[in-house]
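Take a look at the structure below.
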Ligand code: 13P
Ligand code: SF4
């Protein structure tokens, strides 16, 4: 066994029942698997905890286990580690990054903050621990509106790194927060033209989107919300067909929870060299094989400097408090 290129490399017997083996390892090692809605269906099905970024952070506070395996992307593993410095936090592949988190380097944000000293810093959870350490309060797409509304109307705010979520919150609140110029490459690719063509072909369908989508998609949508909010909206809606503008993994949970409703993944703009799907290639680096090897060898592990973790925890705790 070696850990090369960010994940465990070892032979797996092709006849092995991976689901049974993973369940066995979970019991033996007192381990818990947490998965984001953008994971593949087989990973969502084997997870003990499944949720959007806010639910994963909230549930990570009270996990009773020695090992937590986070099936998602790196910033989610880091958030779980910040909240569980006494536990082993594993991720199946250290390369599972996030284009949004990558768009905001701590040194650049620090410079921006220094240029705007009288501003409160609100950061999306899709950021590194270093960025969180520079932040006053963290938000997710589930609670950004509530958290921003908790500040006085004249409070000057830096919001980063997602310019689309930031401009959505600005529009909803009438504020003029200073926005970091970052975006998610998956959510920026949805094609308004193709979404409207789908709506024309399915007149009763509702368009539902994640707030990381660009403004024209948000404006064309019947509902805007985090992955968890999209699921609860479907539960409350009388529509039977939904055009879904977010990462495709969520469709697994939608189909499981609402087998009588129809879900159409919103198509992205097709560019040469890019897939015609709306998968986040970082989320999809995780596989059942990697989960099995990660649990077996307890690698790769997320490690964090305790001082950095303590600084990053403050704005996460502030968020959790404001989300109660
Ligand atoms: P959620 O807050 O809905 O979990 O979104 C996380 C994410 O990475 C969206 O791209
Ligand atoms: Fe990051 Fe976008 Fe992937 Fe979410 S879908 S993890 S924001 S790259």
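Numbering (our numbering), first residue to last: 2 to 325.
The C-beta atom is built at its ideal place from N, Cα and C for all residues, glycine as well.
Identify which residue in the options has its Cα closest to the Cα of residue i.
i: residue 140; options: 115, 77, 222 and 117; result: 77
i: residue 90; options: 116, 36 and 136; result: 36
i: residue 304; options: 324, 269, 202 and 84; result: 84
i: residue 121; options: 104, 94 and 161; result: 161
i: residue 268; options: 134, 194 and 221; result: 194
i: residue 258; options: 236, 278, 323 and 180; result: 236
i: residue 132; options: 309, 197 and 82; result: 309
i: residue 61; options: 88, 74 and 46; result: 88
i: residue 323; options: 170, 199, 137 and 288; result: 137
i: residue 99; options: 253, 73 and 82; result: 73
i: residue 115; options: 7, 186 and 135; result: 135
i: residue 175; options: 183, 182, 158 and 181; result: 158
i: residue 198; options: 221, 102 and 286; result: 221
i: residue 26; options: 47, 51 and 223; result: 47
i: residue 306; options: 38, 57, 183 and 130; result: 130
i: residue 32; options: 71, 38 and 51; result: 71
i: residue 200; options: 185, 223, 180 and 102; result: 223
i: residue 97; options: 325, 321 and 285; result: 285
i: residue 279; options: 170, 249, 302 and 123; result: 249
From which residue to which residue does the beta strand (DSSP E) around residue i run?
i: residue 161; result: 158-161
i: residue 77; result: Per DSSP, residue 77 belongs to no beta strand (DSSP E); it is in the alpha helix (DSSP H), 75-84.
i: residue 124; result: 121-125
i: residue 106; result: That residue, residue 106, is in no beta strand (DSSP E); it is neither H nor E in DSSP.
i: residue 228; result: From DSSP, residue 228 is part of no beta strand (DSSP E) but of the alpha helix (DSSP H) over 228-237.
i: residue 52; result: 50-52
i: residue 221; result: Residue 221 -> not in any beta strand (DSSP E); alpha helix (DSSP H) instead, spanning 216-221.
i: residue 3; result: 3-5
i: residue 140; result: 138-140
i: residue 10; result: 8-10
i: residue 245; result: 242-246
i: residue 90; result: 89-91
Where does residue i land, buried or exposed, given buried means 16+ other C-beta within 10 angstroms?
i: residue 211; result: buried
i: residue 59; result: buried
i: residue 142; result: buried
i: residue 86; result: exposed
i: residue 128; result: buried
i: residue 2; result: exposed
i: residue 15; result: exposed
i: residue 94; result: buried
i: residue 17; result: exposed
i: residue 53; result: buried
i: residue 5; result: exposed
i: residue 82; result: buried
i: residue 266; result: buried
i: residue 253; result: buried
i: residue 311; result: exposed
i: residue 270; result: exposed
i: residue 287; result: buried
i: residue 117; result: exposed
i: residue 102; result: buried
Let's see if you can read the secondary structure: which residues bound the alpha helix (DSSP H) around residue i?
i: residue 307; result: 307-323
i: residue 290; result: 289-298
i: residue 264; result: From DSSP, residue 264 is part of no alpha helix (DSSP H) but of the beta strand (DSSP E) over 263-266.
i: residue 32; result: Residue 32 -> not in any alpha helix (DSSP H); beta strand (DSSP E) instead, spanning 32-37.
i: residue 194; result: 193-202
i: residue 207; result: Here residue 207 belongs to no alpha helix (DSSP H); instead the beta strand (DSSP E) covers 207-210.
i: residue 251; result: 251-258
Does residue i come within less than 8 Å of chain C when only Cβ atoms are used?
i: residue 240; result: Considering every chain present, this structure includes no chain C. It has just one protein chain.
Cβ of residue i within 7 Å of any heavy atom in ligand 3?
i: residue 308; result: Absence of ligand 3 is noted for the structure shown, with ligand 1 and ligand 2 being the only ligands found.
Practice problem: Just jot down, in chain order, the residues whose CB lies closer than 7 Å to any heavy atom of ligand 2. | Solution: 39, 74, 99, 100, 101, 102, 127, 185, 186, 187, 188, 213, 248, 281, 283 and 284
Exercise. For the region 40-48 and the region 311-323, state whether three or more C-beta atom pairs, one from each stretch, are separated by less than 8 Å.
Key: no
Exercise. Assess, as a yes-or-no matter, whether the region 190-208 is touched by the region 231-251 under the definition of 3 or more beta carbon pairs within less than 8 Å.
Key: yes
Practice problem: Tell me, please, whether the region 66-73 touches the region 142-149 by the rule of three or more beta-carbon pairs shorter than 8 Å. | Solution: no
Quiz item: Does the region 165-176 touch the region 212-226, meaning 3 or more C-beta pairs lie closer than 8 Å?
Solution: yes
Quiz prompt | Sufficient close CB pairs (3 or more, under 8 Å) joining the region 188-198 to the region 154-161 | solution = no
Quiz prompt | Cβ contact check for the region 6-14 and the region 292-306: 3 or more pairs under 8 Å | solution = yes
Quiz item: Touching or not, the region 234-241 and the region 251-267, by the rule of three or more beta carbon pairs under 8 Å?
Solution: yes
Self-check item: Inter-stretch contact at 8 Å, needing at least 3 Cβ pairs: the region 19-26 / the region 227-238
Solution: no
Quiz item: Any contact of the region 286-295 with the region 106-125, i.e. 3+ C-beta pairs under 8 Å?
Solution: no
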